[in-house]
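A quick write-up on the structure given underneath.
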Amino acid sequence: MDLANTSSQEGEPKGGVLAHLERLEARSRKKFEEPQGTPAAESALRSKILQLRRLRDQLRAAVERHGARVEASAEPDQALQDSEQALERKREDVKAILQAYRFTGLSGKLTSRGVCVCIQTAFQGNLLDSYFVDLVIQKPLRIHHHSVPVFIPLEEIAAKSLQTDLRHFLFSLCEHLNAYAGRKYQADRLQSDFAAFLAGPLQRNALCNLLSFTYKAEPGGQAFPFCARLLYKDLTVTLPTDVSVTYEGTDTPSPSWEEQRASHEHLLRTKPLHHVFAAFARGEERLELRLAY
Amino acid sequence: MCIISFSTYDNPLRKSFPEICQSDPKEWKSSKDLRSNLGHLESELLFLSTLTDINIISYSKKTKNLTSTEMTEKSIKKVLQRHKLSGNCHMITFQVEFQILEVQNQENLSSVITDLNIIMEPTAYSELSEFVSRAEERRDLFMFFRSLHFFVEWCEYRKRTFKHFKEKYPEAVHLLEGASSSYMGIQSTSQPGFELVIVWRIQVDEEGKVLPKLDLLTKVPQQALELDKKGVIETAPLSFRTLLGVLGIEVAVESLIRLLCIEENH
C-alpha cells in the first residue's frame, strides 16, 4: 500500500510497483508449473496441512463454545446463574438434612426396588451398631434382606405390623434393636470393666436378656459371694423385669447380709448393670443412693 | 475438566482456556441435571419425613479436631462434632443441640454424645418436660426421638378417639378443653347431676416407653350416693380399669357412655 502511495505521490516508479507485481505473478506461475520437490517433503507438507486443519477445527469449536458462554453470561443470564447458584445451595441444604436423619435413629435411602432403612442404636449417649432392612415396595411389602441378628424376633414384629403400618413396624424394630444393644453394652461393660468383682464367668444368652453371675460387692475381699439372676422378659427394655439375688455362702446369713442382698436386688432392678458395679467400686451399696448417669 | 489439549501449536486462545478449565465444574453441570438431582433428593427427604413422622427443617454441623501431636504419634484421632438441628413432629416443634466426641484408635472407633440440649414447644404437654430432662441427663438422643414419635402417636389417637365420641354422642360428651386435652366428660342429659370424667394421660416411663394411663372420675349428687348401697360409685374407677383391660379403650369408653345415656340408644 505504502509503495503504491509513494509511487503516485512522487510520480516516479509507477512502473516500479506494477513491475514488482508482475514479477511476483511470474514467480508464482513458475512455482505452480515446477515440480513441488521430493515426495518425502510433499508428504511431510501434507501431514502438516492435516494437522493445521485439525487445529483450525478445534480452535473454531472452542471459539464457538467460548463465544456461546460469553453470550450466555451476558444479560438476563445473570438471573440464570443466580438461580443455578440458588439451586445448588438448596441441593446442599437438602443433602445436609438427609444426613441429619441418622440422628433420629431411623434413616434410609431410596433404592430401585423400594427403600433401604438404616436403624442406628445407642445406649445412654454411646453410639453402638447400626442395622439395615432392605424393603421391596410391592404388594405385599417384602423384606429383601437385612442385617438384623437372628435372635431378634423380626418375623413376629413383621407379622404384626409390616403390612398394615410400616412406620409402626420400623419403630417397633428400632425399640427391639436399641434395647438389645443396650443390654449387650451393659453386659460387655460388666465383663470388661468389673471382672474383678465376678467370682465366675458371666453367663449370658445371645439376646442378652438372661444374665447369671456370681459376684462379690468388694473385689477379692472378705465379702461373701452373691449370685444374681437377671431376666428381661420384655425385649424392649434395658432394665431387668425380674431380679433374684441369692446368698451363696455356706454359713447362715446374718441380718446384715440379708439387708445387703435386698439392697442389691433393688439396685440391679432399677439401675443399669455397669452403674451398679461402679457404685460397688466406689464402696457404695446403700439402697438410698442415687447414681448419677 | 479441560476439553482440549494442545501440545505443540502456539495458539492465541490458549490463555483463556485455563480459565475455562478451572471454573467450577458444577457450573458445567446443566441446570437440568441439577434440577433432577435436587428432585431426587427432595423425594428421598419426603420419604424419610413420612417414614419417621419427624420433619427436620434445618441442620448444621461444626467439627473441631482435638488430636494432639502425641495422639497422632500413637495413631489416635480425636474429633469433637457440634450438631444443631430443628424441626417438628406434628404439633410439637423441637430444637436439638448436641456434641459428639469421636475417638479413633487402631482397633476401633468410639462415638459418644457428650452433651445434649433439647428445647421443645409447646410446653403445655407437662408429661413431656420430665421426659425431656431425663433424655438430656442420659444424653440419649435416639430415645428422645423414639419416645417423641410414640408420644405424638398416642396424642393423635387420643384426639381422634375423643373427636369420634363427640361426633357420635354430641349431647352426652363434653370436651371442655377441646379434643387435644386429656379430659372427656360424659353427662346424661336426663340426669344432669351425674357426670363421668375420663382422664386419659400419656406418660413416658423411665425407659422411655410411652404408655396411656386412663382413669375415671365420678361426680354424683349426694342423694344418689346415699342410695348407692352396693358402692358402685366407689368402685367405678377400679371397674373401669378392669373394663379397659378386657375391652380396650374405645369399647370401654363407649359402654360407659351408653350406660349413662340409656335413652339415647343409637
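Chains as they are written, first to last, in our numbering: chain A, 37 to 329; chain B, -4 to 261. Glycine residues also receive a C-beta, built at the ideal position from the N, C-alpha and C atoms. These figures come from a predicted structure and were not determined experimentally.
{"query": "Rounded C-alpha distance that separates A/A80 from A/D93", "result": "20 Å"}
{"query": "Buried versus exposed call for B/T230 [16 or more other C-beta atoms within 10 Å across all chains shown]", "result": "exposed"}
{"query": "Cβ pair A/L304, A/P276 closer than 8 Å", "result": "yes"}
{"query": "Option in B/S128, B/C256, B/L206 with minimal Cα separation from B/G188", "result": "B/C256"}
{"query": "DSSP-derived helix/strand/coil call for A/A158", "result": "strand"}
{"query": "Close beta carbons around B/E245, own chain, < 7 Å, minus the five adjacent residues each side", "result": "T156"}
{"query": "Contact with chain A by B/E202, beta-carbon distance below 8 Å", "result": "yes"}
{"query": "First and last residue of the uninterrupted beta strand (DSSP E) at B/V107", "result": "104 to 116"}
{"query": "Rounded Cβ spacing between B/E131 and B/L111 (contact assumed at less than 8 Å)", "result": "5 Å"}
{"query": "Chain-order list of residues whose beta-carbon lies under 6 Å from that of B/H85 (same chain, five-residue window excluded)", "result": "V147"}
{"query": "Within-8 Å CB hit, A/E124 to chain B", "result": "yes"}
{"query": "Integer Cβ distance of B/T184 from B/E166, believed to fall under 8 Å", "result": "5 Å"}
{"query": "DSSP-derived helix/strand/coil call for B/L220", "result": "helix"}
{"query": "Contacts of B/I108 in chain A (Cβ-Cβ under 9 Å)", "result": "A158, Q160, G161, N162, L163"}
{"query": "Short CB-CB distance (under 8 Å) between A/S148 and chain B", "result": "no"}
{"query": "Test item: CB-CB of B/I113 and B/F139 under 8 Å", "result": "yes"}
{"query": "Neighbour flag for B/I197 against chain A, beta carbons, 8 Å", "result": "no"}
{"query": "Where the stretch 32 to 50 of chain B meets chain A: residues whose CB sits under 9 Å from a CB there", "result": "N32, L33, H35, L36, E37, S38, E39, L40, F42, L43, S44, T45, L46, T47, D48, I49"}
{"query": "Where A/A264 falls: helix, strand or coil (DSSP)", "result": "strand"}
{"query": "Contact set between B/S26 and chain A, taken where Cβ atoms lie within less than 8 Å", "result": "L116, S119, E120, L123"}
{"query": "Any beta strand (DSSP E) of 3 or more consecutive residues that is wholly inside the stretch 116 to 201 of chain A", "result": "142 to 146, 150 to 159, 162 to 172, 178 to 182"}
{"query": "Contact list for B/R134 against chain A, beta-carbon separation under 7 Å", "result": "Q160, G161"}
{"query": "C-beta neighbour in chain A for B/I85, strict 8 Å", "result": "The amino acid occupying residue 85 of chain B in the given sequence is His; Ile does not appear at that position. Closer than 8 Å: no."}
{"query": "Cβ-based neighbour list, A/I173, same chain, cut-off 6 Å, excluding 5 preceding and 5 following", "result": "G150"}
{"query": "B/E56 versus B/T62, B/S44, B/L170, B/K79, residue with shortest Cα-Cα distance", "result": "According to the sequence provided, residue 56 of chain B is Lys. The question's Glu does not apply to it. When each option's Cα is compared against that of B/K56, the closest is B/K79."}
{"query": "Interface residues of chain A facing B/Y54 [CB-CB closer than 8 Å]", "result": "A132, I133, Q135, A136"}
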